[in-house]
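The sequence shown begins at 4 in this note's numbering and counts up one residue at a time. The beta-carbon is built from N, C-alpha and C at its ideal position, and this holds for glycine as well. Nothing here was measured: the structure is a model prediction, and the numbers come from that model.
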Amino acid sequence: MTIRLSQDTPLAIVGCGTIGSSWAAYFLSRRLPVVVYNHGDLTHQSVLDRIAAYFPSLGSPVREPRICNDLEEAVAGAPLILECAPEDLTLKRRLIADLQDYADSEAIIASNTSSLTHSDLAADTARPGKVVIAHPYNPPHLVPLVEIFGVDAVTCDTVKAFFASHGKSPVVLKKEMVGHLANRLSSALWREALYLLQEGVATVEDIDKAVTDGPGLRWAINGPFLTYHLGGGSGGIQQYLANLGDSQIYRWKSLGAPEVDEALVEHVIEGVEAAYGAEGLEKHSQRRDRQLTSLLQSRRTVD
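What follows is the structure, given as structure tokens:
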């Protein structure tokens with residue numbers, strides 16, 4: 004099964020927030036026909052402006068999607084629908100059920116949920132096999148990863164092939180899990196960062212530096228398993244586990260569980276403002292996009 008897009012059967016994106024607009028810009032930059040459903044919270048021009056803001060980092064001229072305020076009209080004929088509504092189970096479950104009512108019977112609905120499970124999202128659908136999780140990593144117009152999970156292997160393979168054919172790096176989960184893969188890994192690091200801050204071990208700025216100027220550099224090239232495989236020297240992962248595996252267990256025993264109370268929340272806000280408040284969010288966002296683009300280009304050219 005192959006997803007074929009045309010002006011009559013475009014890619015439908017339901018939602019035009021951060022993820023939806025980023026996806027729209029990405030696929031438009033690849034000259035795909037795109038229709039965006041706008042619930043009505045934004046003006047037509049606001050939607051276009053939000054999408055257009057991503058094109059400079061894509062190195063592409065601005066292209067416009069078709070914008071539709073009627074959900075049934077927006078998904079009519081679309082073989083693939085990217086559901087990009089806010090992370091609310093009740094909202095997403097109802098929306099996905101409505102999408103199956105409105106869309107073609109063979110249409111695939113791909114949810115961008117960052118934490119919710121397929122079994123929860125597809126509970127009210129007539130065709131759960133046509134619903135998949137396709138979680139991008141923010142910002143999806145730049146970051147290649149897409150995490151896929153569904154209950155029908157053919158549907159998952161179809162969605163995987165679609166994203167791979169359009170420059171993304173899809174991975175398929177063998178089992179559903181809250182938070183999928185990347186968010187579980189990043190949440191584990193975030194939890195420990197909060198614990199270290201709460202315990203007064205280091206400042207927000209120094210905790211960030213410990214990642215960006217240390218393991219974060221390696222993680223942009225190698226995942227955790229290859230990192231430790233290389234860390235084992237000539238004996239690889241087997242030697243690492245034999246010589247240093249116990250040191251990992253020793254550290255695991257001291258990992259913390261922060262108490263996310265008002266004091267910690269205030270501490271985080273104050274620390275972030277002290278470290279990064281002098282420059283606005285837009286400057287930090289633009290710098291992130293420039294550096295991500297440069298990093299990705301380097302990975303493509305340096306073997």
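Beta-carbon spacing of residue i, residue j below 8 Å
i	j	result
HIS183	PHE228	no
ILE111	LYS95	no
HIS144	TYR40	no
LEU148	ALA88	no
ASP113	GLU86	Looking at the sequence provided, one finds Ala at residue 113 rather than Asp. Yes; because the gap between Cβ atoms is below 8 Å, this pair is in contact.
LEU284	ALA223	no
ASN115	PRO82	no
THR215	GLY274	no
GLY235	GLN241	yes
ALA278	GLU208	yes
ASP292	PRO142	yes
HIS42	ILE70	no
PHE165	ILE54	no
Boundaries (first-last residue) of the beta strand (DSSP E) holding residue i
i	result
CYS71	69-71
CYS205	For clarity, residue 205 is Ala in the given sequence; the question names Cys instead. Note, ALA205: premise wrong, no beta strand (DSSP E); not H, not E.
GLU90	Run containing GLU90: none; DSSP gives neither H nor E here.
SER172	172-175
VAL38	37-40
First and last residue of the uninterrupted alpha helix (DSSP H) at residue i
i	result
HIS232	227-234
HIS138	Element bounds for HIS138: not the alpha helix (DSSP H) but the beta strand (DSSP E), 134-139.
ALA55	47-55
ALA281	Taken as a continuous stretch (DSSP letters only), ALA281 belongs to no alpha helix (DSSP H), as it is neither H nor E.
LEU14	Not the alpha helix (DSSP H): LEU14 falls in the beta strand (DSSP E), residues 14-17.
ILE112	No alpha helix (DSSP H) holds ILE112; the beta strand (DSSP E) holding it covers 111-114.
LEU8	Taken as a continuous stretch (DSSP letters only), LEU8 belongs to no alpha helix (DSSP H), as it is neither H nor E.
ASP184	According to the sequence displayed, residue 184 carries Leu and not Asp. Run containing LEU184: none; DSSP gives neither H nor E here.
SER122	121-124
ARG130	Unbroken run through ARG130: none, as it is neither H nor E.
ASP264	That residue, ASP264, is in no alpha helix (DSSP H); it is neither H nor E in DSSP.
GLY239	239-255
VAL78	74-78
SER60	58-61
Spatially closest choice to residue i from the options, by CA coordinates
i	options	result
VAL38	ILE84, GLY20, LEU188 and ALA15	ALA15
THR230	SER237, GLY238 and ARG221	ARG221
ALA191	GLN201, GLU76 and PRO261	PRO261
LEU35	SER60, GLY217, LEU8 and PRO59	LEU8
GLY18	LEU188, GLY203, ALA223 and ILE84	ILE84
ASP127	SER117, THR46 and ASP101	ASP101
LEU176	GLY170, ARG187 and SER168	ARG187
ALA79	ALA245, ASP209, ASP44 and PRO13	PRO13
PRO131	SER108, PRO218, VAL146 and GLN251	SER108
GLU76	PRO59, GLY280 and ASP104	ASP104
GLY317	HIS42, ILE70, ARG33 and THR46	Any property of residue 317 remains undetermined from this structure, which presents the chain solely from 4 to 306.
ASN246	TRP255, HIS232 and GLY259	HIS232
GLU202	TYR253, LYS163, VAL305 and GLY259	GLY259
THR21	GLN251, LEU51, THR5 and GLN300	LEU51
SER24	ASP11, LEU45 and THR5	LEU45
GLN300	ASN72, TYR253 and GLY170	GLY170
ASP155	GLU179, VAL263 and VAL305	GLU179
ARG66	PHE30, ARG97, ALA281 and GLY280	PHE30
ASN225	ARG302, ASN72 and GLN10	ARG302
Residues bridged to residue i [DSSP beta-bridge criterion]
i	result
ALA223	DSSP lists no partner for ALA223.
PHE152	ILE136
TYR29	In the DSSP output, where bridge partners are listed per residue, TYR29 has none listed.
LEU83	ILE111
Residue-level contact to chain C via CB, residue i, 8 Å cutoff
i	result
SER9	The structure shown has no chain C; it contains just one protein chain.
Distance between beta carbons of residue j and residue i, contact taken as under 8 Å
i	j	result
LEU197	LEU267	7 Å
ILE136	HIS121	5 Å
PRO68	ALA27	5 Å
HIS270	LEU200	6 Å
LEU92	ASP123	6 Å
GLY150	VAL181	Note that residue 150 is Glu in the sequence shown here, rather than Gly. With a Cβ gap of about 12 Å, GLU150 and VAL181 do not count as contacting.
THR296	SER60	6 Å
Distance cut-off 7 Å: residue i Cβ against heavy atoms of the ligand NAP
i	result
LEU45	Absent from the structure shown: the ligand NAP. Ligands present: none.
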